[in-house]
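Residue numbers (the numbering used here), protein chains in the order written: chain U, 1 to 665; chain E, 1001 to 1146; chain R, 2001 to 2340; chain A, 3001 to 3323; chain L, 4001 to 4275. For reference, the structure is listed below as structure tokens.
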């Protein structure tokens, strides 16, 4: 039984006008456990707060009920007040008699009666309140960024800038990501490499940043502020510390016909390779699928030519364990595979290419050294057709239901650049809609149409059919002119939809971070917490959260960094005390709660119990990590045995409120 | 008024999630949008906190209607809470209907923090529906009646 | 001996119901149960009701006392009103005997349970002789004559008539009230039926079943038997056996807050439930084996030890047909008697 | 079949694969079978039985049996295997300690079912392919098996075993069982009729807890109805509300986890068709969220611990006339 | 005997004394300010807080106290928590007395008594002690061996040191489990202390305390040469409804509510070990 004080606020006349505050405080004084009940003009004022504090001291109150405005308004104020005189702040409840009573009822009798009932419910709840302590958990001052593309790089640089250690895990031999493959960037048309590679170098040189390239995550345990991560550093058979990146080996290796993924397979590299000239780290990697020495034990040429003695055919995968306070996911995207889109002839002709391949064909470091040549015969194309929305906004099931967002702009860029460099080329763009919101985007697109004479045609391409003579027949409909078009093209460029990297889903499982049905990571709140995962301590950067162009990616990357810095700057995290709690004696270990927890806050432990008949028994029971639980209560209802309860909103507290409200009196 | 039958005033329990619907109810208050005093709100962190036991308990103790309000699907503060609540309540309400208990006595409504007007309108409508149904006699505990 | 033709049974029931509340076993919701008689209600053909007739005197829940609490004061209210007179019609011999067993607990052992007493005083038992006992019947093992039951008045149902005879004053008073619908007859038909029933009883599979080896004198021997473990192994710990049993009378007392007062009520409890003996000091019967043993020890050993050898079982066979795992007093007794 | 089972059980006992056998033990009257754990071949010879009356679903016993040392052999009828999988999914039993043998089942009956046909004084029962021949002290009666089966067997959902280590006899198929017909019939009634139906049925409840204690989905360490701290603990249904409450909450707690084994209705001493409540949930789940059979596979996510963004709104209940 | 066995009377808690951190003593009288009923030493009463439940408690005060009844109650469950939270003036309900009580008028007459208690186990035996003190002409000497976890956990400490220790007819031996500042008395567990003190074999023993203490003390007493027929204990914690009908309190065929709660150990030999 608590000793409860009731404090009814007039809120000037806001409450007192339609609620007889005196009658309310008198009626509530008679409730069991109430030892003091009063009313005052402004409870939230300093004088009002003092009134509360004094009563707590004088009457030795163990529970306080404030009948006032919404708890969303002043609960924190009142909790602070009672805490200042030694009462646990969670021994206070607010009955909302302003927003939910005096302001909506005109009749004073009605308002007064309702206020009394709301007060009773709060009293009934306080009877069952228990003092709660906000827990604390230490914060490891180190962040992990998964993915070394522009998103990961920007996030890492910003975090490092703030003075915290950051590790980047990149599955490829170099950081840089998709942006390294892009030629120019819209809407300013500056060269991607020129703006990206300095950032890559910054990363490599920043002493706060450690890059684990050619590495992947193996295991993640722990929770916000205190993750333990195992990173698998794949064997690259080259000692990173010794390799000088001279590239001698990559010219001597006899295995010459390895498809070069950097150029999307449009040319070849060797079995030992450095992805591109500005790679970071600039060290060679041996591709074990092609290296004769690794496969058959014959060759060893690279070791012979390596002056630094960096080649190590015996190198093994290495598992690194590290602790982090925060994890940023920046796993990026990939264009979808186009094998389901035969109507566009991607697999039928070398001259039907994706936009990313087009980037490589126009890039000075690409397979054609920047000259736009047809992949099939190396001739200049004179008619180029760009097809938009290939696999995007596709509800047929073959593609993706969403808009890939970046295609409109890069296609405009491609069309414009082609017309600029090769004015004799006819450029057609088939589109459903042109989406160009963004600073200077629409101007950019209009320039393509108006200044560069790109033929923008609203309509879908029905069929792309390569002809024996090397021409590609493009059948399409012009919706505005309402006519069928047949274009003889030399090159067809498909704006393939983009999708999250395949590594994202297993990663999400490891991180207990939620994903949507398209495998994009879900943000904690679509509007208000766009760079956080619902799982505390996991942050989202770049296209892993949804399709993004570079400016958006970089802003989100910096935003995620800001959130991470905000977390790492704390020495300890104060945890929400209103969290779920499992009564191990009653828990069945059935996993129902774990399945509905959006935060991965519930784990299972095998615990030994003494049975009533004095034997012992090991049972699997749920255990809630209070640092991770956010207190939604989903688990409490999923739990059939009632072992799971929510502090501050316990089953018995809510039922006491129900009883008090329904009680006939 | 000696012979006048006292008008039936239903007892309505409204469970409101802290982040959307409770805030929506506050907004209704701020905008002075009236709804009957028969509605009493219980604040819960999320619609998924509402156990079917609470709803039955309310009826046991004399409630004539129970309404659950939460964030719109997709907007849950805890991302997924209202999705679970949606399934649970759908099945529970269907079961109550199966037992012959008036299904109109239970309702789920998604009310955002900005929808003060919707909150008031929902409550007005629900109170009217329950008033029309009259006293809850099928899911009552006679001991709790006076 | 009085009789009434079966075709006229409605008239008999109506005559009783006119004077007192009448309960008869009838078919309702797919099974035989006692219901308050309403016009046109037919008596069941089933051998017996699923629930025993003990409810009439020891209902599953009953309000003992009410409290009104305000501030620091308590007001105690006895919720009882004078119980109406009632007649329970068609009680089988086994169930009639169960009342005398319940009497030993509630009436004959200090202090008297006034709730039980109140109902018992106002109830008149009209029993019904059996004609078609079942293989699960073993009332004979406890000296009960299914052909000639005890009760305030006894009935015999033949193919065409119902014969009735008063046994006690209460029974005579009842028959007096309904005398107009009855006609006088000799008892030859009844005697013939008794003989026939007794012959059938002798042929029942459990006719030879006996519990006579059990009693207070073998208390420790039975208690310490190693067979309890395997006998109780499959027990689900449900209360079916205890709740269908006409002689089980364990109860719990609980408080219920109605929102406008406290009701203290008594409800049936079962020694098979794991929390039954959970009391201030902990739980004295921790395993299902101990709880299972308690139930049968009580019926076969403790009760006779305290009641001149009378067993706490009437052989109605309900637990034989209703136990979810078909474990019952017959199996237990047969299994244990070998050790004695 | 009984012979095959007995032989296999003895083999596995004698070669040390298992140290106990969970099966059925003969009783007094052919039909009163008790689940039992046999530890020796002698015990098996003395009491092991498998016939048309072995209705008990043995899977729940594994919860306590797998806490003991050693491996136990269990015989599982097709429908029992669903419960078995569900218990595995919920980590309630230890698969390592179980040797599961699937056995065929052509439907079970019980003494109660025969008695409901007016048969009394049973002294012996024999069975052929289609009939039970019942000897009673009042004469002999023949009952068609199809007629005498438990309701759950008449609407059997599956003769297919979804889990076993070995199988005796042939495996069957998943059946199109019309098991929801009665639910549909109730749905088609008016609310008043449904209310009357359930009041009549549930008012018979004596709160013996047999339905709960036999239920393979009810394996809670402590049931909310037994826990004074839950706020809803009750021992007897002191009011019709509590009868409703108990059965609604029980059905809700097993919703999506109930395999529809029908044990609840089989054991109810008051013959309340409790399985209809569970089937109502199953039917709703199937219709609203896609077909789901609890226990069909190990490790599936129960419908109530799952969701899709496109799930129907609770208001569908107002619009589904007759459902 | 009360004819309405299950309907309680209203009692008023007139005084509450904090005995130890978790034990309080409650003085209870009827609405008329007098004792609600008379009792024998060792008998119990059913106290209840309506809405919370009933609980059986031994009556700590002696029947010779004509003004009120006392209950020393340890906080351990729902009902006791509510009792502990009460303020004087609060009404509760009370029914009783229940149980057989100690055989003060028969077997104890003229005997030297040895009372052994542990912790809250003093509550039931205090009524015997004070009864026999008040009627000292009928009894021999009284020796009390009482132990608790610490000095602060000794129930009725003031009474013990102020009254009992000054009673020429009494010997009081106190012990606590562990050394404690401000305690110069004996330290050690009760069973060992009993053996150390080696009491006279002629004494009649009354024992109450936690089960472990009972077990080892009984064994110790037997070692010293005491017979089971000399030793009494009380099982009042096994009482539930108080009238021997609810079906819980039986140990074998004996009902603690009616045949007990006071048993002589030789009686227990004939009963199953279910206590």
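Backbone N, C-alpha and C define an ideal beta-carbon position, used for all residues, glycine too. Quantities reported herein were computed from a predicted structural model and do not represent experimental measurements.
Does the distance from the C-beta atom of residue i to that of residue j stay below 8 Å?
i, j, result
"residue 4114 of chain L", "residue 4143 of chain L", "yes"
"residue 662 of chain U", "residue 1063 of chain E", "yes"
"residue 602 of chain U", "residue 594 of chain U", "yes"
"residue 3237 of chain A", "residue 3207 of chain A", "yes"
"residue 2271 of chain R", "residue 2294 of chain R", "yes"
"residue 65 of chain U", "residue 570 of chain U", "no"
"residue 4020 of chain L", "residue 4190 of chain L", "no"
"residue 4171 of chain L", "residue 4141 of chain L", "yes"
Run through chain L and tell me which residues come within less than 8 Å of residue i, C-beta to C-beta.
i, result
"residue 2216 of chain R", "4253"
"residue 2078 of chain R", "4004, 4007"
Whole angstroms are fine: how far does the CA of residue j sit from the CA of residue i?
i, j, result
"residue 51 of chain U", "residue 4240 of chain L", "47 Å"
"residue 1143 of chain E", "residue 2173 of chain R", "37 Å"
"residue 116 of chain U", "residue 27 of chain U", "7 Å"
"residue 19 of chain U", "residue 111 of chain U", "5 Å"
"residue 1038 of chain E", "residue 168 of chain U", "58 Å"
"residue 414 of chain U", "residue 3305 of chain A", "48 Å"
"residue 1087 of chain E", "residue 2146 of chain R", "56 Å"
"residue 3212 of chain A", "residue 3225 of chain A", "10 Å"
"residue 105 of chain U", "residue 54 of chain U", "32 Å"
"residue 1002 of chain E", "residue 1009 of chain E", "Because residue 1002 of chain E carries a pLDDT of 46, less than 50, the predicted location of this residue cannot be relied on, and no value is offered for it."
"residue 2200 of chain R", "residue 2193 of chain R", "11 Å"
Who are the neighbours of residue i on chain R, taking C-beta pairs under 7 Å?
i, result
"residue 659 of chain U", "2259"
For residue i, which residues in chain R fall below 8 Å Cβ to Cβ?
i, result
"residue 663 of chain U", "2259, 2260"
Can you name the residues of chain A whose CB is closer than 8 Å to the CB of residue i?
i, result
"residue 1108 of chain E", "3313, 3314, 3315"
At a CB-CB cut-off below 7 Å, which residues of chain A make contact with residue i?
i, result
"residue 595 of chain U", "3301, 3305"
So with CB distances below 9 Å, who are the chain L contacts of residue i?
i, result
"residue 2373 of chain R", "Only positions 2001 to 2340 of chain R appear in the structure, and residue 2373 of chain R is not among them; the question remains open."
Kindly list, in the order they appear in chain E, the residues whose Cβ is closer than 9 Å to that of residue i.
i, result
"residue 534 of chain U", "1078, 1079, 1080"
What does residue i reach in chain U if we use C-beta pairs closer than 8 Å?
i, result
"residue 1040 of chain E", "114, 117, 118, 121, 661"
Inset, instruction - Could you please tell me which residues of the region 2256-2268 of chain R, in chain order, have their CB closer than 9 Å to any CB of chain U? - result: Shown in chain order are the members of the region 2256-2268 of chain R whose Cβ falls below 9 Å from a Cβ of chain U: 2257, 2258, 2259, 2260.
Inset, instruction - Could you tell me whether the region 335-355 of chain U touches the region 390-400 of chain U, where touching means 3 or more Cβ pairs closer than 8 Å? - result: In the pairwise beta carbon analysis, the region 335-355 of chain U is classified as touching the region 390-400 of chain U: at least three pairs are separated by under 8 Å.
Inset, instruction - May I ask you to list, following chain order, the residues of the region 3242-3271 of chain A that have a beta carbon less than 8 Å from some beta carbon of chain E? - result: So the close ones are 3242, 3244, 3245, 3248, 3249, 3251, 3252, 3255.
Legend entry - Inter-stretch contact at 8 Å, needing at least 3 Cβ pairs: the region 2206-2223 of chain R / the region 2175-2182 of chain R: Segments in contact, no.
Inset, instruction - Note down, in chain order, all residues in the region 4017-4034 of chain L with a beta-carbon under 8 Å from any beta-carbon belonging to chain R. - result: None of the residues of the region 4017-4034 of chain L has a beta carbon lying less than 8 Å from any beta carbon of chain R.
Inset, instruction - Check whether the region 574-592 of chain U touches the region 637-646 of chain U, counting contact only when three or more Cβ pairs, one atom from each stretch, lie closer than 8 Å. - result: Contact between the region 574-592 of chain U and the region 637-646 of chain U is present: three or more C-beta pairs spanning the two stretches fall below 8 Å.
Inset, instruction - Pull out every residue of the region 1059-1090 of chain E whose Cβ sits closer than 7 Å to any Cβ of chain A, in chain order. - result: Per Cβ criterion, the list reads 1060, 1073, 1074, 1080, 1083, 1084, 1086, 1087, 1088, 1089, 1090.
Legend entry - Members of the region 2109-2129 of chain R that neighbour chain L once the beta carbon cut-off is set at 8 Å: Flagged, chain order: 2109, 2110, 2111, 2112, 2113, 2114, 2115.
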